[in-house]
Amino acid sequence: MRFVPRPNFWNLTLAALETVFAQFEIDLLKQKFAAQNEFLVVENLLGPETLQPLLARLPQLRPSVHRNYLPKHKKGGSVSRFMLDRMAPAFESLYTLPEFTQGLSYITGRSLLPCPGDDPHTYALYCYTEPGDHIGWHYDTSYYRGLRYTVLLGLVDRSSSRLEYQLCRDDPERETESLSLALAPGMLVVFNGDKLYHRVTPLGQGEERIVLTMEYVTDARMSATRRFISNMKDSIAYFGFRDAFQGRR
Ligand SMILES: [Fe+2]
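Pasting the structure below:
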């Protein structure tokens, strides 16, 4: 089936869209993802021209970055999906791009669904711009009834920060493997949020690191209690109370 861009779609060429996953041996990616306990890195998924419509929006988003600080765990800036929808719809276009979602579904072996419209974390920016910005060890816990898959896309990386992660920590049959990577622009990382233990090491002086995070689920239902907990976490650790609870309005 051929993808027809919507009228407001960003300025990507159809040829570029079709090569998003086609240029990679997608069966190989699927095998790697399974072999690495639901974790995958795709280097250079998006080239500079394809990334440009996203990068072009970053300067105007800077005033909307919400800074947060949780002692001993997290420091950095974030931009919620509500703010992105208002100011940079190209991000939603990528998140909802059929080829992209279908490719991710094939690789993960799951029918991936978008998060509902009231989830501020559906897609968001993590902006590390001040020395010491980081996040400590954690899982991307799913508050949904279904599984949660995190998809990270490197946008800017002029930093010494590393995504450090432990593969198979949840599998008693396999030895835990500790690895790290620099999330280069255009690099894609996909993982099951409840399986991958990970952190981002502190930013150095004069450095900058901006990452697009996207979240897909296998069942988008969430209880009211869990929605409240999720929004509280997003308010405190990421986007602030006003955006997390009222951003959609
Ligand atoms: Fe995370």
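The sequence shown begins at 1 in our numbering and counts up by one. The beta carbon of each residue, even a glycine, is placed where N, CA and C say it ideally should be.
(1) Using alpha carbons as the reference points, say which of Arg169, Tyr126, Ser223 and Pro53 lies closest to Pro89.
(2) If Cys115 sits next to Ala220, beta carbons under 8 Å apart, how far is it from one beta carbon to the other, in whole angstroms?
(3) Taking C-alpha atoms, which residue in Leu55, Lys233, Pro185 and Leu153 lies nearest to Phe191?
(4) Just the C-alpha distance for Asp119 and Glu92, rounded to the nearest angstrom, thanks.
(5) For Thr129, I'd like the list of residues in its chain whose CB is within less than 7 Å of its CB, leaving aside the five on either flank, ordered along the chain.
(6) Just confirm the distance between the C-beta atoms of Val189 and Val41, as a whole number of angstroms; I'd bet it's less than 8 Å.
(7) Helix, strand or coil for Glu130, going by three-state DSSP, please let me know.
(8) Count the other CB atoms, across all protein chains shown, that sit within 10 Å of the CB of Ile107; report buried if there are 16 or more and exposed otherwise.
(9) Mind checking Glu259: buried by the 16 CB within 10 Å criterion, or exposed?
(10) By how many angstroms is the C-alpha of Leu167 removed from the C-alpha of Arg199?
(11) Can you look up Leu70 in the DSSP assignment and give me helix, strand or coil?
(12) With H, G and I counted as helix, E and B as strand and the rest as coil, what does DSSP make of Ser235?
(13) Taking the straight line between their C-alpha atoms, what separation do you get for Phe241 and Pro48?
(14) Using beta-carbon positions only, say whether Leu147 and Arg86 come within less than 8 Å of one another.
(15) To which residues does DSSP link Phe191 through a beta bridge?
(16) Compare the Cα-Cα distances from Cys256 to each of His138, Arg158 and Phe100 and report the closest residue.
(17) When you get a sec, list the residues whose CB is within less than 6 Å of any heavy atom of ligand 1, chain order please.
(18) In the DSSP assignment, find the unbroken beta strand (DSSP E) run with Gln255 in it and report its ends.
(19) Mapping DSSP to helix, strand and coil, what is Thr225?
(20) Considering only residues of the segment 44–116, which uninterrupted alpha helix (DSSP H) runs meet the minimum length of 4 residues and lie entirely inside it, listed in chain order?
(21) Comparing C-alpha positions only, which one of Glu177, Leu94 and Leu163 sits nearest to Arg169?
(22) Within its chain, find whatever has a CB closer than 8 Å to the CB of Leu66; leave out the 5 residues flanking it on each side and keep chain order.
(23) What residue from Leu155, Pro172, Ile135 and Lys74 has the CA that sits closest to Tyr165's CA?
Once the coordinates are examined:
(1) That would be Pro53, whose Cα lies nearest to the Cα of Pro89.
(2) The Cβ separation is near 6 Å, so the contact holds.
(3) The shortest C-alpha to C-alpha distance from Phe191 to any of Leu55, Lys233, Pro185 and Leu153 is the one to Leu153.
(4) In this model, Asp119 and Glu92 are separated by some 13 Å (Cα to Cα).
(5) Excluding sequence neighbours, Thr129 sits near Gly77 and Glu208.
(6) Contact flag correct, Cβ pair sits at about 5 Å.
(7) Glu130 sits in coil when the DSSP states are folded into three classes, being neither helix nor strand.
(8) Classification of Ile107: buried, given that the 10 Å Cβ count is 16 or more.
(9) Missing from the structure shown is residue 259; the chain here goes from 1 to 249 and no further.
(10) Taking the straight line from one Cα to the other gives about 13 Å.
(11) Look at Leu70 here: in three-state DSSP terms it is strand.
(12) If DSSP states are grouped into helix, strand and coil, Ser235 belongs with the helices.
(13) Roughly 35 Å between the two C-alpha positions.
(14) Contact flag unset, no.
(15) Phe39 and Thr150.
(16) Outside the displayed range of the chain (1 to 249) lies residue 256, so it cannot be described from this structure.
(17) Any residue whose Cβ sits closer than 6 Å to a heavy atom of ligand 1 makes the list: His138, Asp140 and His198.
(18) No answer is possible for residue 255: the residues shown for the chain start at 1 and end at 249.
(19) Note: Thr225 maps to helix in three-state DSSP.
(20) Correct list: 48–55, 58–61, 81–87, 90–96 and 98–108.
(21) Answer by Cα proximity: Glu177.
(22) Looking at the sequence provided, one finds His at residue 66 rather than Leu. Exclusion of the five residues before and after His66 leaves Gly77, Ser78, Val79, Ser80, Tyr238, Phe239, Gly240 and Asp243 as the residues of its chain whose Cβ lies within less than 8 Å of its Cβ.
(23) Considering only alpha carbons, the answer is Ile135.
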